Amino acid sequence: MIQAPIIVAMVLMKSYYLIKGLNTSKLIHDNVMNSLLNASYTKFYNTILIGRLMNRLSKDIYNIDLLFPNEIQNLTYQLTSLLLPLFACFLYLNIAALPLLILFFIILIYLTVIYYRCLREITRIEAVSKSPVFSFFQQIVRGVTYVRSCLPIEKVVALQQKNVDIDLGNQLNLYGFQYWYQSFAGSITNFFQALLFIICFLFPGKTQKMTNLVLQQMQTVSNLLLNSSISYGNLQMYFISFERCLHLAKQLPLYVSKLLETISLIYSLIYIIPQMTNTLIKTQQSKFFQQNKSPYLY
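Take any residue in the sequence shown, note its place counting from 1, add 37, and you have its number in this note's numbering.
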């Protein structure tokens with residue numbers, strides 16, 4: 038009976054995130070599918086590689102539907118768990134350790150901001166590099182007879198291996214950058230905890246139990262801060278999936294309109310240039326006849 042309120046609160050929180058996640062996924066799916074179903078086959082699908090659509094409708098939609106709500110829930114749990122230990126540390130921590138605590142927060146925030154900026158760009162590059170792999174399979178399936186009869190197999194295999202190597206290299210760069218941040222930030226956290234232990238040992242508080250309690254709470258705070266920054270970095274990655282899907286849903290009519298404008302301009306140029314050429318030829322002929330008047334010309 039004592040844990041009943043906690044269980045009810047957890048059920049309500051999970052239900053809330055479930056409903057919000059379903060509504061978000063439904064909104065994204067409706068916008069993307071309506072745009073794709075209303076797009077013209079000749080004006081859009083014949084001018085864009087299917088691999089781009091397959092990439093956005095597979096990995097990006099998967100990130101939005103499954104990973105994004107779970108990461109939001111984890112981040113909320115970590116932030117709520119961080120409030121009480123952080124308040125206790127600021128309340129009972131020795132004054133001599135406050136400059137060290139402020140310096141630790143400044144270094145961690147500076148490192149995290151740089152990490153987020155680089156992570157967004159690396160995620161964009163990694164997301165784009167998957168499209169040629171899907172496009173290559175789509176082209177092979179549609180033109181398998183032409184590929185078997187007219188193209189060298191070695192060239193086809195080498196091109197596919199190149200696309201796969203680029204994609205795998207970008208994935209390794211992304212995961213390696215994430216592990217680098219986790220290791221570097223974890224090392225800074227451990228160094229901060231060691232210095233804090235030394236300061237609390239040299240300048241103990243009122244009681245030994247209070248000092249041990251503050252050290253334990255600071256260890257919890259540093260670990261929760263690191264996990265929260267990693268969770269928010271994962272959200273930054275999933276925001277790229279939102280960006281790509283919303284760009285596909287909103288920019289599809291704009292893309293078609295720009296394509297129509299370009300095609301109309303090309304057709305107008307194709308129609309105008311022969312007329313200008315004929316007019317120029319007739320003008321040059323008339324000038325030639327006027328300059329070379331002779332009875333033998335008639």
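Where a beta carbon is used, it is the ideal one built from N, C-alpha and C, also for glycine.
Note that the structure is a prediction, hence the values are computed from the model and not measured.
When only Cα atoms are considered, L239 and A231 end up about 13 Å apart.
In the DSSP assignment, P136 falls within the alpha helix (DSSP H) that extends over L135 to V165. Restricting attention to N92, H66, S259 and K51, the CA atom closest to the CA of P169 is found in N92.
Nearest to N200 by alpha-carbon distance, out of F214, S166, P106 and R161, is S166. Pairing T226 with L205, the inter-Cα distance amounts to about 31 Å. At the C-beta level, Q254 and L156 stay beyond 8 Å of one another. The DSSP assignment places 87–92 as complete runs of the alpha helix (DSSP H) inside the region 73–122, in order along the chain (cut-off: 4 residues). By the Cβ test, the region 92–101 is not in contact with the region 207–216, since fewer than three Cβ pairs between them sit closer than 8 Å. In this structure Y129 touches M247 by the C-beta definition: roughly 6 Å separates them, less than 8 Å. Excluding five sequence positions before and after Q197, the CB atoms of its chain that fall closer than 8 Å to its own CB belong to V170 and F173, given in chain order. Inter-residue distance for F221 and L250 is about 26 Å (C-alpha atoms, whole angstroms). Considered as a whole, the region 244–291 harbours no complete run of any alpha helix (DSSP H) with no fewer than 4 residues. Distance from the Cα of I109 is smallest, within the candidate group L135, F276, A286 and P189, for F276. With contacts defined by Cβ atoms closer than 8 Å, A164 and C237 do not form a contacting pair. Comparing alpha carbon positions, the residue from S77, F234, L103 and Q115 closest to T61 is L103. In the DSSP assignment, I235 falls within the unbroken alpha helix (DSSP H) covering I190 to L239. In the three-state reduction of the DSSP assignment, N131 falls in the coil class.
8 Å or more divides the Cβ of N75 from the Cβ of A286. The beta carbon of Q256 is closer than 7 Å to those of Q230 in its chain, skipping five residues each way along the sequence. P136 is classed as exposed because its beta carbon has fewer than 16 other beta carbons within 10 Å across all chains shown. Across the set L211, P122, Q115 and V45, the C-alpha of Q115 shows the shortest separation from the C-alpha of S266. When the beta-carbon positions are compared, L262 and L119 come within less than 8 Å of each other. In this structure, the straight-line span from the alpha carbon of A125 to that of I235 is close to 20 Å. In this structure, L211 sits near I159, with a CB-CB distance shorter than 8 Å.
Nearest C-alpha to F228 among L140, S268, P189 and V193: L140. Straight through space, the alpha carbons of A41 and N107 are spaced by roughly 23 Å. Distances from the alpha-carbon of F279 to those of V258, R161 and I190 put R161 closest.
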